[in-house]
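Using this note's numbering, read the sequence shown as starting at 1 and increasing by one per residue. In this text, a Cβ means the ideal position worked out from N, Cα and C, and glycines have one as well. Here the structure is laid out as structure tokens; the discussion comes afterwards.
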Amino acid sequence: MTPSLNQSSRLSSQAPLLIAAGLAIGPVVALGFGRFAYALLLPPMQTALNWSYVQAGAMNTANGLGYLLGAILAPVLMRRSGVRAAFMVSLLGIALTLALTALSGELRWLAAMRFLTGLGGAVTFTSGGLLVAQVASAAPPQRAGAILSLFYAGAGLGILLTGLGLGPLLAHLGVEGWRAGWLSLGLVSFLGLGVAWTAARHTAAQLHGSAAIRMAQLWPLRNSLLAYACAGLGYVAYTTFSISYLRSQGASTPLVTLFWALLGLSGVLAPLVWSRLLSRRWGGRSMGILMLLMGTGAALPVLSTLPWVAALSAVLFGLTALSVVASTTTLVRQSLPAAVWGAGVATYTITFAVFQSLGPLLAGALADSGPGGLRWGLGASALLLIVGAGVAFSQRVVGDHR
């Protein structure tokens, strides 16, 4: 069954922002915990398990490959089980795999858990994105950007929570504290399931995924898809290795904690900054602005590791990274018929997943190549983001499906 906007009477009786906030538990767990927390846990894991940078990067490549498979499977799962069921079951699966990551330090076990966490994360993110797109479409047009960006800000909240919680935990337990870190993330994820389910129950009751999408419908969006590929390849090196890089440059524990907290807090505040931008019918210009700022933020630590520079980097990157994702959902809503929104969101997710799988391995290989290698890896990722911004600016307005 395809989604229908005629169900807005039910949605209009709810507070759309509150529903989006509840659905944001999905990005909190899928991205804030499932993907980004690895950057905080990587330094003690790398020390305790004697990993090279390639091995460290391979863990997030496993996560990216799982995310890719999940993005491919998500439309099928949503059609068969319904979007709400796909959202909740995948969220439960992530909570389990996060907790199970603590059981062993064996490389294959950890890679398997990272893979499964990524798989669940893609399903959660795709189904949650479709649910919140329906909520946004039932709300007044001027509020759509705020609703979408609030959902994607959940990842920033997850980063903030891990910075406030994992930092002190690791400082207290030392290098072996990584096991307690993963277990804690799993337990907190279980606590969020009730909030997510309450919000999901107030979305369109008969939402069952998406019809298939045709190449002719996607072709006009090709520039934004290419830009999003650059985003996937570029951003993941920063989110994987920024903490390790700051540590290698002599950053203190308080600075690292501040950096990560600012990264997360900026993501939480992003809806206040970008809601109007994401409500505009600008084609790829909104995406281009966000990617340009994100690339600038990614480049700053390469140029200087002064505390204020690192803080500014975290703010710029945190404000924009997940808002770039929100901009693709805006493009889908504005450019495609509602019947193929799920497939449209999944297409962007698959594109991102393919290229984010390569990023950590490439950055890790550069880091292992010699002194200063990690700086080169981060610099290359920043350049990719800036190039992608230029491509995004060339995406014209398509269709009229607001």
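For residue i, I'd like the list of residues in its chain whose CB is within less than 8 Å of its CB, leaving aside the five on either flank, ordered along the chain.
i: L293; result: L316, L319, T320
i: N6; result: With a pLDDT of 43 at N6, under the threshold of 50, the predicted position of this residue should be treated as unreliable, though the coordinate-derived value follows. Same-chain partners within the cutoff: there are none.
i: A85; result: none
i: P16; result: V135, A136, A138, A139, R143, I147
i: V332; result: A133, W341, G344, V345, Y348
Measuring only the C-alpha atoms, how far is residue i from residue j?
i: G234; j: G359; result: 7 Å
i: G177; j: L185; result: 13 Å
i: W219; j: I243; result: 38 Å
i: M291; j: L385; result: 6 Å
i: V29; j: L221; result: 29 Å
i: Y348; j: V175; result: 37 Å
i: Q142; j: S279; result: 6 Å
i: L246; j: A365; result: 18 Å
i: L49; j: G105; result: 7 Å
i: G120; j: V398; result: 31 Å
i: L166; j: T329; result: 31 Å
i: I147; j: S248; result: 39 Å
i: G34; j: G118; result: 7 Å
i: P254; j: S381; result: 26 Å
i: S323; j: A298; result: 15 Å
i: W260; j: G163; result: 5 Å
i: L378; j: L362; result: 10 Å
i: G415; j: T305; result: Nothing can be reported for residue 415, as the shown portion of the chain is limited to 1 through 402.
i: A251; j: G26; result: 32 Å
i: L116; j: V195; result: 23 Å
Kindly indicate which three-state DSSP category residue i falls into: helix, strand or coil?
i: A112; result: helix
i: S202; result: With the sequence shown as reference, residue 202 is identified as His, and Ser is not the correct amino acid for it. Here H202 sits in coil by DSSP.
i: S415; result: No answer is possible for residue 415: the residues shown for the chain start at 1 and end at 402.
i: W51; result: coil
i: T305; result: coil
i: S104; result: coil
i: S81; result: helix
i: A15; result: coil
i: L41; result: helix
i: A139; result: coil
i: V354; result: helix
i: P360; result: helix
i: I386; result: helix
i: P220; result: helix
i: Q46; result: helix
i: R214; result: coil
i: Q334; result: helix
Leaving out five residues on either side along the sequence, give the residues of the same chain with a beta carbon under 6 Å from the beta carbon of residue i.
i: G288; result: A389, A392, F393
i: A311; result: L262
i: R10; result: Note that R10 scores 46 on pLDDT, short of 50, meaning its location in the model is unreliable; the coordinates nonetheless yield the value given after this. Hits under 6 Å: none found.
i: G283; result: Q395, R396, V397
i: L225; result: T351
i: G129; result: T329, V345
i: F190; result: A95
i: G32; result: A155, G158, I159
For residue i, is the beta carbon positioned less than 7 Å from some heavy atom of the ligand FMN?
i: G342; result: The ligand content of the structure shown is nil, which means the ligand FMN is not present either.
Can you list, in chain order, the residues of its chain whose CB lies under 7 Å from that of residue i, leaving out five sequence neighbours each side?
i: W197; result: M88
i: R179; result: A102
i: T47; result: V175
i: F355; result: A229, G232, L233
i: S52; result: D368
i: R92; result: Correcting the residue identity first, residue 92 is Leu in this sequence and not Arg. Answer for L92: L193, listed in chain order.
i: A346; result: A71, A74, P75, T126
i: V132; result: A20, L23, I147, L148, F151
For chain C, check one thing: does any of its Cβ atoms lie closer than 8 Å to the Cβ of residue i?
i: S149; result: No chain C is part of this structure, which consists of one protein chain only.
**Report entry** Inside the stretch 232-297 only - alpha helix (DSSP H) runs reaching at least 4 residues
**Finding:** 253-279, all fully within the stretch 232-297.
Requested in this report: Kindly provide the ranges of any beta strand (DSSP E) runs that are 3 or more residues long and lie completely inside the stretch 161-203, ordered along the chain.
Outcome: Within the stretch 161-203, no complete beta strand (DSSP E) segment of 3 residues or longer occurs.
Report task. Check whether the stretch 147-162 touches the stretch 260-275, counting contact only when three or more Cβ pairs, one atom from each stretch, lie closer than 8 Å. Result -> Yes, they touch.
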